[in-house]
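Visitor: A single structure is presented below for examination.
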Amino acid sequence: MDSPAERLDYFDRLPDELLLLVLNRVRDAKSLTRCLAVSKRFGLLVPRADEIFLPIPWRLAPPAPKPGLEFPFNFLDKAVSFLRRIITSNPRSSGCCEDDFSYYDPQEILKPFREIHSLGIEIPSCGRETGLKNSDGFLLKWAADFGAGLDSCTILGANSLEWKGRKHGDSELPEEEKAGPSEPTVILSEKDLKLRVVWIISCLIAAASRHELLKDLISENTKLEDVQISDAAKQGKLWMGKEQIDEVRKSEKIGTESDSGSESRPLERSVVPDLKMKLWFVPQMELPETGYVMKGATVVVIRPANDKKECWVDDGEYSYPCDWLGKGGGDERDKAFREAMSEMRKIMKVKRSFTTMEMNSF
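If you use the working numbering, the sequence shown corresponds to residues 4 to 365, in order.
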C-alpha cells in the first residue's frame, strides 16, 4: 500500500498564479485548447489565460456531389449547398480567398478564453498577395495602425532583391549601384508610379479588411488591450493598442445606437478615409550587412488627410511600430528587409526629394 507521501501529487501544490504564468508563455490557442482536457483544474485555469496567439487554419468546403446521382437528388443537393453558403458565408473574410476556401471565424476558436488582454492572430495565406515576388517570397511589406479608423500605414516595397554574396562593407559593387543619403534626386517613371499606386491601394484594402474582422473580436472580448493581426506570408501587420481599442468600442457603440431600428449591411472592410502620403524612392540600394542589393526600394508613409501632426512632412520623422519587420531572427531575406528599412529611414531624414500624393476615401 502506498504511503501518504507517495500518493501526494506535487503538481497540485503549485499555485494557480504560477500555472497561469506558464499558460501565458504557451500562448498558442490550439495547444491551450487541448490543455482544457488535461484535468478539471486545467479546465478552470486555461480560460483565464490572457495572452493568446491564434493561427487560423483554412476551412475546406464540403466536397462536390458525386456524378451520376439522380436529377432530383442532385438538384436538391445543389439548392441546399447554395442556401448554406449564403447563411454561413463570412463577409469579413479576406477578399483574396478562392471560392472553395474560407478560414474559420476567430471568435469560434476563442470562445473558451474569457480574459484575453493581448491577442495575436495570423490569417492563412491564399497565394494571391500583393506585390512583386521572387523565388524567396513577396517584395512588399506593410504595417498599419487603426483606431476607429486608419491612423497610419507604412509600406516598404521593391522591384527585386538580389543577393550579391558580399557583406559588411565589401566595396566590390560599382559606385552606380550604391545608394545613400547623398543619392541624387531620382524621378519615378510613370510605370513605376502606377505600380506603387497599386501597392498602396491593395495594402490599404487588406488593412481595412483586417480592421473590420477585429471589430467583432473587440466587442466580444471586453478585457482586450492589445491586438495585432498578420498573415502567414508575413506581408502585412495591423496593430491596435488600448487607446485605439477603446476608440473602436466607442465608435461601435455610437454606430449601434444610430442604426437602431434600421437594418445595416455588414461591410467587407472598414472605410478608408481621405489620405495624404509621401513616397521615397531609391533606384538601387546596397545592403552591406546582409549582402543584398534592393532595386526600386520604396517607402510610402500614409496618414489621414485631416491628421494635424505635420512633423513627418517637414523632416522625415514619422511613427510606426518599431518591430513591424521583426525584432530579430528570421532568414537572411527578413534581415535584408530590416536593413533596407533602416537605410531608408536615414535617407528620409536628409533627402528632400519625395513624391506627395493624396487619395480620396473609398
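Cβ coordinates follow ideal geometry from the N, Cα and C atoms, glycine included. Computed from a predicted structure; not experimentally measured.
Between which two residues does the alpha helix (DSSP H) carrying G46 extend?
Guide: Start and end: K43 to L48.
Visitor: So, with DSSP's three-state summary, where would you put E180?
Guide: Reliability fails at E180, whose pLDDT of 45 lies under 50, so the model's placement of it is uncertain and no value is given.
Visitor: Below 8 Å on the Cβ atoms is my contact criterion, and I expect E255 with K218 to pass it. Report the Cβ-Cβ distance as a whole number of Å.
Guide: Right, their Cβ atoms sit about 6 Å apart.
Visitor: Kindly indicate which residue of D15, V274 and I305 has the alpha-carbon position closest to the one of A360.
Guide: In the sequence on display, residue 360 carries Met and not Ala. Checking every option, the nearest Cα to that of M360 belongs to I305.
Visitor: Apart from the five residues just before and just after N309, which ones in its own chain have a Cβ nearer than 8 Å to its Cβ?
Guide: Answer for N309: P276 and D277, listed in chain order.
Visitor: Where in the segment 204-280 do unbroken runs of the alpha helix (DSSP H), each at least 4 residues long, occur, reported from the N-terminal end onward?
Guide: Within the segment 204-280, the complete alpha helix (DSSP H) runs of at least 4 residues are 245-261.
Visitor: Quick one: using the 10 Å Cβ neighbour count with 16 as the cut-off for buried, is V353 buried or exposed?
Guide: With fewer than 16 Cβ atoms within 10 Å of its Cβ, V353 is classed as exposed.
Visitor: Identify whether L164 lies in helix, strand or coil by the three-state DSSP scheme.
Guide: Of the three classes helix, strand and coil, the one that applies to L164 here is strand, per DSSP.
Visitor: Give the secondary structure of I190 by DSSP, where H, G and I count as helix, E and B as strand, and everything else as coil.
Guide: Residue state, collapsed to three classes: coil.
Visitor: Leaving out five residues before and five after L39 in sequence, what residues of the same chain have Cβ atoms less than 7 Å from its Cβ?
Guide: Around L39: F45, G46, V49 and P115.
Visitor: Which residue from G299, H120, T301 and N363 puts its Cα closest to that of Q231?
Guide: Per the Cα distances, H120.
Visitor: In the DSSP assignment, find the alpha helix (DSSP H) that holds T36 and state where it starts and stops.
Guide: A32 to C38 is the extent of the alpha helix (DSSP H) around T36.
Visitor: Applying the 10 Å Cβ sphere with the 16-neighbour rule, what's the burial state of G168?
Guide: Under this definition G168 is an exposed residue.
Visitor: What residues are listed by DSSP as bridge partners for V302?
Guide: Paired residues: L159 and W283.
Visitor: What residue range is occupied by the uninterrupted alpha helix (DSSP H) comprising L23?
Guide: From DSSP, the alpha helix (DSSP H) with L23 extends over D19 to V29.
Visitor: Mind checking whether I112 and T36 have CB atoms under 9 Å apart?
Guide: Cβ distance < 9 Å, so I112 and T36 count as in contact.
Visitor: I'd like the span of the alpha helix (DSSP H) that includes S345, first residue to last.
Guide: Start and end: E335 to V353.
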